[in-house]
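Asker: Chains as they are written, first to last, in my numbering: chain A, 5 to 293; chain B, 5 to 293.
1. Where do the ends of the alpha helix (DSSP H) carrying residue 108 of chain B lie?
2. If you compare alpha carbons, which of A:256, A:82, A:247, A:268 is closest to residue 278 of chain A?
3. Taking 8 Å as the CB-CB limit, is residue 183 of chain A close to chain B?
4. Hey, quick one: how far does the alpha helix (DSSP H) through residue 95 of chain B stretch, first residue to last?
5. Exposed or buried, residue 158 of chain B, counting other C-beta atoms within 10 Å across all chains shown (16 or more means buried)?
6. Could you check the C-alpha separation between residue 186 of chain B and residue 216 of chain B for me, to the nearest Å?
7. Quick check for students: name the residue ranges of the beta strand (DSSP E) that lie wholly in the segment 12–38 of chain B, counting only runs of 3 or more.
8. Here's the rule: buried if 16 or more other CB atoms are within 10 angstroms of the residue's CB, otherwise exposed. What is residue 182 of chain A?
9. Does the structure place the segment 174–181 of chain B close enough to the segment 262–279 of chain B that three or more beta carbon pairs sit under 8 Å?
10. Determine the direct distance from the alpha carbon of residue 33 of chain A to that of residue 46 of chain B, and round the result to whole angstroms.
11. Considering just the uninterrupted stretch of the alpha helix (DSSP H) at residue 40 of chain B, what are its terminal residues?
12. Quick check: is the beta carbon of residue 172 of chain B nearer than 8 Å to any beta carbon in chain A?
13. Label residue 58 of chain A either buried or exposed according to how many other C-beta atoms from any shown protein chain fall within 10 Å of its C-beta, with 16 as the threshold for buried.
14. Can you give me the Cβ contacts of residue 245 of chain B inside the same chain, cut-off strictly under 6 Å, excluding the 5 residues immediately before and after it?
15. Please state the DSSP three-state secondary structure of residue 177 of chain B.
16. Closest by CA to residue 171 of chain A, which one among A:72, A:272, A:26, A:21?
17. Can you tell me where the alpha helix (DSSP H) with residue 204 of chain A in it begins and where it stops?
18. With 8 Å as the threshold, decide whether the Cβ of residue 54 of chain A is near any Cβ in chain B.
19. Please name the residue or residues paired with residue 275 of chain A in a DSSP beta bridge.
20. Rounding to the nearest angstrom, what Cα-Cα distance links residue 150 of chain B and residue 112 of chain A in this structure?
21. Taking the alpha helix (DSSP H) that residue 50 of chain B belongs to, which residues open and close that run?
22. From what residue to what residue does the beta strand (DSSP E) around residue 294 of chain A run?
23. With H, G and I counted as helix, E and B as strand and the rest as coil, what does DSSP make of residue 141 of chain B?
24. Does any residue of chain A have a CB that is nearer than 8 Å to the CB of residue 38 of chain B?
25. What residues in the segment 209–227 of chain B have a beta carbon less than 7 Å from any beta carbon of chain A?
26. Considering only C-alpha positions, which residue in the set A:214, A:232, A:166, A:154 is nearest to residue 352 of chain A?
27. Could you tell me the alpha carbon to alpha carbon distance between residue 99 of chain B and residue 82 of chain B, rounded to whole angstroms?
28. Could you give the residue range of the alpha helix (DSSP H) that holds residue 218 of chain B?
29. With which residues is residue 104 of chain B paired in a DSSP beta bridge?
30. So which residues on chain B does residue 203 of chain A lean against when the C-beta distance must stay under 8 Å?
31. Rounded to whole angstroms, what's the CA-CA distance from residue 220 of chain A to residue 19 of chain A? Just pull it up for me.
32. Just the Cα atoms here: how many angstroms apart are residue 105 of chain B and residue 26 of chain B?
33. Please compile the residues from chain A whose C-beta is within a distance smaller than 9 Å of the C-beta of residue 31 of chain B.
34. Counting only beta-carbon atoms, is residue 62 of chain A nearer than 8 Å to chain B?
35. Between the segment 197–206 of chain B and the segment 160–170 of chain B, are three or more C-beta pairs nearer than 8 Å?
36. Could you spell out the range, first to last residue, of the alpha helix (DSSP H) harbouring residue 187 of chain B?
Written as structure tokens, this is what we have:
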């Protein structure tokens, strides 16, 4: 099914509204595995999971309100594809106003910013801006959606992925375990794709069993950087960019390797234990320096 | 602070309304630890945690709508006590209509059914009946609330606890692990007592760290019985009665020992690993025979 570039580029997705409260923030953090292996007194646990005056959003919560805006992707004129061939390839999130409020009502508006021809597939870049009811921009997301089999349409190849680790041992390594029901819990934050719960859908996608959400792994990587380089202060978190290489299986431990590049820039790579498989590459977190 | 028996006995608590949906049911089950250690394809996991046509309530969800009705206990005329001296001592739950709907709006009405003088304290028995909007009774709960230091008022001692295990090895033993953030997750189902999250409140209660909710342990015990004696079919579950002996610490594994007494009656006792401490005693589950 060819992509009609002229129609699709710049196409807008219908705006979607979303509200959250403290419970929703805490559910998100617990779904991302906060506190699984740690006494609640460990720094960085209760600030994400307990509704006292110190409650803060795990910054990657910023993807959640924008997620619904993607649901209408298949309604875009000139864009037809088999949804089973869709892969979430890349994600960028920027926090535009800090601290993230612990409750809010927001609107997310998306548009197709770029389409790259990657040969084996097409990479759609969808930008979603999330704004509070008073019009202040809060989050900017870029979803990199890979459509397998839709390449070769003669488009630009797009920029090469950057953020490779320097040739030295990581400056910090943080391990964050997950448990077997992690995907079942994470999906309550909004991404109900049955690929993450139903074995028959997982099999259709080519997996032995339901896989963890890439955006759950994403949350773990961000949290690792905040722990290692921001004294567990999530309000210092400015942006994150990742490439999803392979899915994590619920129950695996995510091992995030980090390199401090100076000026608040952290380059990251994530593997899983015990298989030592790279699951996230070409990743960068920017913190307040 | 003396209890004015004549005023308190039979006193009604203000009715409380509550609604749930599928997400709420799934959150409850995950908070109770369903699927922590098991591949989602394990029988009994997805039926509680995935919103397809097979979704069923873990029957102990029946305590959740009634819980809010207890919040007004301190407003009862003639009943004054220090809330820090309150312990949840016993719980009975009966499912009056099956299957439990996966979404509903209900009303819970409570009254003080009995007050027993246990010497070291008073045992308040609070009955809460939960009814659907069309007036059909759905759940009956009895909370046994122990008020330390409020005994010796000259009341009846009340019945002795029954449901002791027979003098033989258990007919079935089921282990259900918890993880360190279990109480943080369980509390999103409604019991936000900071004793289960905040180390300073836990210390005030005499605990080294926040303890797991007794009703979370309760859910694990019920689930163990359904797994061992009802082929994982929660619609066969009729009632449960337990005495809480000691709290479980998040991260401990709950080991439920069960004896089949015939006619659908199961006697239970729960311990924790690795300490082999009894946490629930005098417990009975009744299943459809």
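All residues carry an ideal CB built from backbone N, CA and C; glycine is no exception.
Answerer: The short version:
1. Residue 108 of chain B -> not in any alpha helix (DSSP H); beta strand (DSSP E) instead, spanning 108–121.
2. A:256
3. yes
4. Element bounds for residue 95 of chain B: not the alpha helix (DSSP H) but the beta strand (DSSP E), 90–99.
5. Flag for residue 158 of chain B reads exposed.
6. 7 Å
7. 20–24
8. buried
9. Touching, yes.
10. Put simply, the backbone Cα of residue 46 of chain B is about 26 Å away from that of residue 33 of chain A.
11. Careful: residue 40 of chain B lies outside any alpha helix (DSSP H) and carries neither H nor E.
12. no
13. exposed
14. 96, 288
15. strand
16. A:272
17. 203–208
18. yes
19. A:259, A:282
20. 50 Å
21. 50–53
22. With chain A running from 5 to 293 in the structure shown, residue 294 of chain A is simply not present.
23. Strand at residue 141 of chain B.
24. yes
25. Residues passing the 7 Å Cβ filter: 213, 214.
26. The structure shown does not extend to residue 352 of chain A, since chain A is modelled only from 5 through 293, so no value can be given for it.
27. 32 Å
28. 218–233
29. None, per the DSSP bridge assignment.
30. 44, 45
31. 24 Å
32. Here the alpha carbons of residue 26 of chain B and residue 105 of chain B stand approximately 9 Å from one another.
33. 31, 189, 192
34. no
35. no
36. Run containing residue 187 of chain B: 186–190, per the alpha helix (DSSP H) assignment.
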